Amino acid sequence: MDAPADNYQACFARRWGHLRRARVRALAWLLDAPDLLDVHDPHWEARIATLGPMTPETASWLAALDADPSRLDAALGTRMITRLGLYAEKLMAFYFAEQGRLVAHGLQVRASRNDTVGEFDFLLDAGPDGVEHIEFATKFYLLQGDQGENAHA
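In terms of our numbering, the sequence shown is numbered consecutively and its last residue is 156.
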């Protein structure tokens, strides 16, 4: 089965095919992937966070990181991360730290010493407005065959 020439994967390969390092390509995918939810849908009451479109500055930063990934490699360590969500969170924590915005990552929220009620995925510096909480989720969907009316949407 041939995929449409303008699908996201083909666009990604055209835009980021020059990146040689898998970790840098994965970070580029996270930063440039389309949003899963429509931030303009009134249902969300303007409470959906988005990174917005990729800027030329971020693209240049990724190219420089690809040329010298030592900071990224140090942040991720040498142990292979096999869980997609954990890997994506570590990549995003690195990105936010490099942007000077990371206040905390994976901060446990406790009702008492032995009662964890949740976790702040990311707390980011929001400037004079204080701190912004970002709840992060990574989803990877696979399509099998030409099934359904939206198979190529």
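A virtual CB, placed ideally from N, CA and C, is assigned to each residue, including glycine.
As the structure is a prediction and not an experimental result, all values here were calculated from the model.
Mapping DSSP to helix, strand and coil, what is D132?
-> The residue labelled residue 132 in the question sits at position 129 within the sequence shown. Residue state, collapsed to three classes: helix.
Separation of H108 from A140, as counted between CA atoms = As a working mapping, residue 140 is identified with position 137 in the sequence shown. As a working mapping, residue 108 is identified with position 105 in the sequence shown. C-alpha separation (whole angstroms): 14 angstroms.
Please go through the stretch 12–54 and give each complete alpha helix (DSSP H) segment of 4 or more residues, from N-terminal end onward.
-> 25–35
Interface flag, A25 vs chain C, CB-CB below 8 angstroms = In the structure shown, chain C does not exist; there is a single protein chain.
Run the CB neighbour count on A31, radius 10 Å, all protein chains shown included, and call it buried at 16 or more, exposed below.
-> The count along the sequence shown starts at 1 and reaches residue 31 at position 28. Burial call: buried.
Buried or exposed: where does R26 fall if 16 or more other Cβ atoms within 10 Å of its Cβ makes it buried?
-> Residue 26 sits at position 23 when you count from the first residue of the sequence shown. Buried.
Helix or strand or just coil, what does DSSP make of E3?
-> With the chain covering 4 to 156 only, the question about residue 3 has no answer from this structure.
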